[in-house]
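Single-structure report; data block below.
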Amino acid sequence: MLRLFLMLSLCVTPGYAQEIYKVVNQDGSVTYTDKPVVNAEPVELGPDNRMSTPTPQPQPVQTATTTSKASKPKPVIEVVQPKPEATVRNNAGNMTIAANVSNADKQGKFKLYINDSLVKEQSNAVFQLQGINRGAHTFYITHTDNTGKTLASTSPQTFYLHQASRLINN
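If you count the sequence shown from 1, you need to add 1339 to reach our numbering.
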């Protein structure tokens, strides 16, 4: 059975290497065919555009270097919600901005700035907001220690708040 399949597949293979012809119809449309007809021009195909992928080389295993216990990794803040350039739809202007913090101390404050104005300061990185006006807003979050020193900050991100038109039902 396997030999029969192999023989049939070898017979079919030359069908893929046939000549291709281009025919311009009376209405100006172009038709491509594998059969030569009147006024057909053979099409020259370019070289294959396949690329060979290099084989990956194994990376050497890195051993962990001993670090002193006094050096702590820097805190990192990543905005989880809303995503960059996200559209938030809420007629009341309510929304949540949430961030994920790694390597941060339990103490300290998170500050939310919207359009370069401090909006909220609290001890966790999830901000519940009410009454945000419609339109585009740029925000960022900072994490400060108890002395006010900024430990980490997000890059500015933009979100768009959509609300139903105030002109409807007036």
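Just so you know, even glycine gets a beta-carbon here, dropped at the ideal spot from N, CA and C. Keep in mind that this is a model prediction, so the values were computed, not measured.
Residue i versus residue j - alpha carbon distance
i, j, result
"GLN1365", "PRO1381", "18 Å"
"LYS1319", "SER1504", "Nothing in the structure corresponds to residue 1319, since the chain is present only between 1340 and 1509."
"GLY1432", "PHE1478", "15 Å"
"ASP1387", "LEU1341", "31 Å"
"LEU1343", "ASP1373", "28 Å"
"GLY1385", "VAL1376", "23 Å"
"PRO1495", "LYS1411", "25 Å"
"VAL1419", "HIS1482", "15 Å"
Residue range of the beta strand (DSSP E) that includes residue i
i, result
"ALA1475", "1474-1483"
"ALA1425", "1425-1428"
"VAL1369", "1369-1372"
"LEU1451", "1448-1453"
"THR1489", "1489-1492"
"THR1497", "1496-1501"
"VAL1362", "1360-1363"
Bridge partners - residue i, DSSP secondary structure assignment
i, result
"ALA1437", "GLN1420, VAL1465"
"LYS1459", "LEU1451"
"VAL1415", "SER1441"
task: Count the C-beta pairs between the region 1494-1503 and the region 1457-1470 that are closer than 8 Å, then say yes if the count reaches three, no if not.
output: Output reads no: the region 1457-1470 does not touch the region 1494-1503.
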